[in-house]
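Novice:
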Amino acid sequence: MTAPAPRNIKQIDESTLGISWNDGHDSVYSVKNLRESCPCANCIDEWSGKKLIAPGTIPQEIRPRNLKAVGLYAIQFDWSDGHNTGLYTHELLRQLCECAACKSKSADNQT
Amino acid sequence: MSDPKLQEKIIDALKTVQDPDLHKDIVSLGFVKNMSIDGGNVKFDVELTTPACPVKEQLRTECETKVKAIDGVEQVDVNMTAVVRSTEHSQPVLTGVKNIIAVASGKGGVGKSTVSTNLAIALSMTGAQVGLMDADIYGPSIPQMMGIPISPPKVGSENKFFPHEKYGLKVVSAAFLTKQGQPLMLRGPMLGGIIQQFLQNVEWGELDYLVIDLPPGTGDVQLTLTQKAPISGAVVVTTPQEVSLIDADKGVKMFQQVKVPLLGIVENMSYFICDGCDKKHHIFRQGGGKKLAGTFNIPLLGEIPIIESIAEGGDSGIPVVMADAESSAAQAYKDLAGQVAAQLSINQANKGEKVSADFELSWKS
Chain C
1 MTAPAPRNIK
11 QIDESTLGIS
21 WNDGHDSVYS
31 VKNLRESCPC
41 ANCIDEWSGK
51 KLIAPGTIPQ
61 EIRPRNLKAV
71 GLYAIQFDWS
81 DGHNTGLYTH
91 ELLRQLCECA
101 ACKSKSADNQ
111 T
Chain P
112 MSDPKLQEKI
122 IDALKTVQDP
132 DLHKDIVSLG
142 FVKNMSIDGG
152 NVKFDVELTT
162 PACPVKEQLR
172 TECETKVKAI
182 DGVEQVDVNM
192 TAVVRSTEHS
202 QPVLTGVKNI
212 IAVASGKGGV
222 GKSTVSTNLA
232 IALSMTGAQV
242 GLMDADIYGP
252 SIPQMMGIPI
262 SPPKVGSENK
272 FFPHEKYGLK
282 VVSAAFLTKQ
292 GQPLMLRGPM
302 LGGIIQQFLQ
312 NVEWGELDYL
322 VIDLPPGTGD
332 VQLTLTQKAP
342 ISGAVVVTTP
352 QEVSLIDADK
362 GVKMFQQVKV
372 PLLGIVENMS
382 YFICDGCDKK
392 HHIFRQGGGK
402 KLAGTFNIPL
412 LGEIPIIESI
422 AEGGDSGIPV
432 VMADAESSAA
442 QAYKDLAGQV
452 AAQLSINQAN
462 KGEKVSADFE
472 LSWKS
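Below, the structure is given as structure tokens:
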């Protein structure tokens with residue numbers, strides 16, 4: 001049971017993050033979507049799992065200032081709005097992948 | 112007078128010697144060093160990844176036999192050495208420590224501290240530099256087991272302090288930070304602070320292995336350590352019965368979630384051998400540890416029997432591996448140390464490319 005782990009994490013352009021995984025998959029992310037998916041207890045209700053970020057409140061120009069590893073299992077983002085309490089686990093990051101293949105898969109699941 | 116052909120033949124012969132754990136021959140692994148050939152006298156070093164290697168003697172014999180069988184070789188002198196490889200990390204904490212082993216359990220009272228203490232001593236008896244961190248803040252028992260009187264640690268410069276030393280081990284415990292017998296009454300966030308101190312402010316020096324004795328459960332201390340310390344691997348201790356296994360199962364899953372490699376399971380209090388009838392009595396039932404290891408497909412590293420001398424060693428401050436090095440209990444711990452060291456070496460050899468624990472990226476805009 002070994003879930004994929006990030007092999008390389010890099011900035012692709014001003015608003016895009018790229019992660020290549022050790023199973024060969026390459027992920028891309030819009031940083032704004034990542035900020036909106038913050039899993040911390042301020043952004044997601046701990047008991048109900050309900051999203052607490054009101055739609056439209058994350059500005060288009062949101063950027064990470066800094067990313068760093070937390071132990072061997074997660075990445076912590078320090079955002080330009082001062083928010084930094086979210087620990088994005090490797091599993092979560094993999095789920096949030098916005099590459100064409102993953103996007104069409106998650107669209108299939110929703111219909 | 113060294114014969115290049117002879118050297119070639121010796122290397123070829125050594126290429127047929129496999130390290131059973133790493134599944135490669137010892138020449139490709141770069142273990143063979145400092146070969147000198149003088150007429151028919153051949154000398155070389157075999158440098159293993161741990162002095163605690165469980166198959167050390169087996170490898171030596173195999174090298175000797177195979178080289179001796181070559182025409183023109185009269186005398187073979189194999190020198191077994193070891194340089195412990197470091198699990199890669201460059202976090203600002205514990206920079207001089209090559210491998211960090213966390214000893215955990217889901218449940219209390221399964222003998223974590225006894226296992227940690229004897230494991231640490233058994234590792235150091237092989238010649239490795241070993242440290243022991245008692246991270247059980249509320250119930251520190253390592254000082255008692257190691258026979259170290261409660262006294263404040265020696266303070267160095269810049270808020271640093273030195274570990275206590277006993278039996279060649281460097282030891283740190285929360286017990287040294289309080290008066291004898293006084294409980295530490297702390298809320299969760301303070302625990303994290305003490306663990307940070309242990310990681311950042313202790314002058315550990317150069318260590319091959321740091322054994323961390325964790326408190327039971329899956330709480331603050333475990334999380335802080337997995338987030339702040341570059342743990343090389345975890346050992347989960349359980350007793351054989353179902354009630355203990357339920358919690359050990361959670362311990363294993365915790366490490367899986369935070370991606371700390373599991374070295375394996377230790378089954379403690381496995382059986383009792385009666386001195387009257389020599390029969391193995393499985394007091395807490397049989398095969399629990401094996402079952403748990405099977406469920407997660409991880410190794411069962413050892414089964415430690417119930418022996419009075421183990422408890423005696425804990426109470427007297429002379430752990431059983433030291434007090435009675437030839438006893439079956441001591442042997443069980445020495446075997447365990449060998450297994451743990453071997454698993455660490457295997458993990459390092461097999462680890463793929465991964466973002467390391469010190470990854471950091473500043474965003475450019």
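Top line first, the protein sequences correspond to chains C and P. Each residue of the first sequence is one higher than the one before, counting from 1 in the numbering used here. Each residue of the second sequence is one higher than the one before, counting from 112 in the numbering used here. Glycine residues also receive a C-beta, built at the ideal position from the N, C-alpha and C atoms. Here the structure is a predicted model, which is why all the values come from computation and not from measurement.
Have a look at the DSSP bridge pairing and note the partners of N152 of chain P.
Specialist: BP columns for N152 of chain P point to P:D149 and P:Q186.
Novice: Enumerate, from N- to C-terminal direction, the unbroken beta strand (DSSP E) stretches of 3 or more residues contained entirely within the region 205-238 of chain P.
Specialist: Listed in chain order, they are 208-215.
Novice: Compute the Euclidean distance between the alpha carbons of I232 of chain P and M256 of chain P, then round it to the nearest angstrom.
Specialist: Approximately 12 Å between the Cα atoms of the pair.
Novice: If contacts are defined as beta-carbon pairs under 8 Å, then P341 of chain P and A468 of chain P qualify, I think. What distance do you get, rounded to the angstrom?
Specialist: That belief holds up - the Cβ atoms of P341 of chain P and A468 of chain P are roughly 5 Å apart, short of 8 Å.
Novice: Which residues, taken in chain order from the region 442-469 of chain P, show a beta carbon closer than 9 Å to some beta carbon of chain C?
Specialist: Listed by position along the chain: G463, E464, K465, V466, S467, A468 and D469.
Novice: Name, please, each residue of chain C whose Cβ falls closer than 8 Å to the Cβ of K361 of chain P.
Specialist: What K361 of chain P touches in chain C: nothing, since even the nearest Cβ is about 16 Å away.
Novice: For Q95 of chain C, decide whether its Cβ has a neighbour in chain P, counting only Cβ atoms nearer than 9 Å.
Specialist: No, Q95 of chain C does not count as interfacial toward chain P.
Novice: So who's on the other strand from H275 of chain P, going by DSSP bridges?
Specialist: In the DSSP output, where bridge partners are listed per residue, H275 of chain P has P:V282.
Novice: Inspect the CB distances between the region 174-188 of chain P and the region 314-333 of chain P and report whether three or more fall short of 8 Å.
Specialist: Output reads no: the region 314-333 of chain P does not touch the region 174-188 of chain P.
Novice: When you compare the region 400-412 of chain P with the region 434-441 of chain P, are there three or more beta-carbon pairs, one atom per stretch, that lie closer than 8 Å?
Specialist: Touching, no, given that fewer than three Cβ pairs across the two stretches are closer than 8 Å.
Novice: Give the range of the beta strand (DSSP E) segment to which P326 of chain P is assigned.
Specialist: No beta strand (DSSP E) contains P326 of chain P, which DSSP labels as neither H nor E.
Novice: Please state whether DSSP places R63 of chain C in a helix, a strand or coil.
Specialist: The answer is coil: DSSP assigns R63 of chain C none of H, G, I, E or B.
Novice: DSSP beta-bridge partners for F407 of chain P?
Specialist: In DSSP, F407 of chain P forms no bridge with anything.
Novice: What are the boundary residues of the beta strand (DSSP E) that I19 of chain C is part of?
Specialist: Note, I19 of chain C: beta strand (DSSP E), T16 to W21.
Novice: Can you find the residues in the same chain that come closer than 7 Å, C-beta to C-beta, to V451 of chain P, ignoring five residues on each side of it along the sequence?
Specialist: Closer than 7 Å at Cβ, skipping near neighbours: I212, L230, V346, L374 and L412.
Novice: So, helix, strand or coil for T337 of chain P, using DSSP?
Specialist: In this structure, T337 of chain P counts as helix in the three-state DSSP scheme.
Novice: Please list the terminal residues of the continuous beta strand (DSSP E) segment that includes P300 of chain P.
Specialist: First-last for P300 of chain P: G299 to Q311, but that is the alpha helix (DSSP H), not the beta strand (DSSP E).
Novice: Under DSSP, the beta strand (DSSP E) around A74 of chain C begins and ends at which residues?
Specialist: Taken as a continuous stretch (DSSP letters only), the beta strand (DSSP E) holding A74 of chain C covers A74 to W79.
Novice: Beta carbon of L125 of chain P, beta carbon of D132 of chain P: below 9 Å?
Specialist: Their beta carbons are not under 9 Å apart, which means L125 of chain P does not touch D132 of chain P by this criterion.
Novice: Following the continuous alpha helix (DSSP H) through V363 of chain P, name the residue where it begins and the one where it ends.
Specialist: E353 to Q368 is the span of the alpha helix (DSSP H), which, as asked, contains V363 of chain P.
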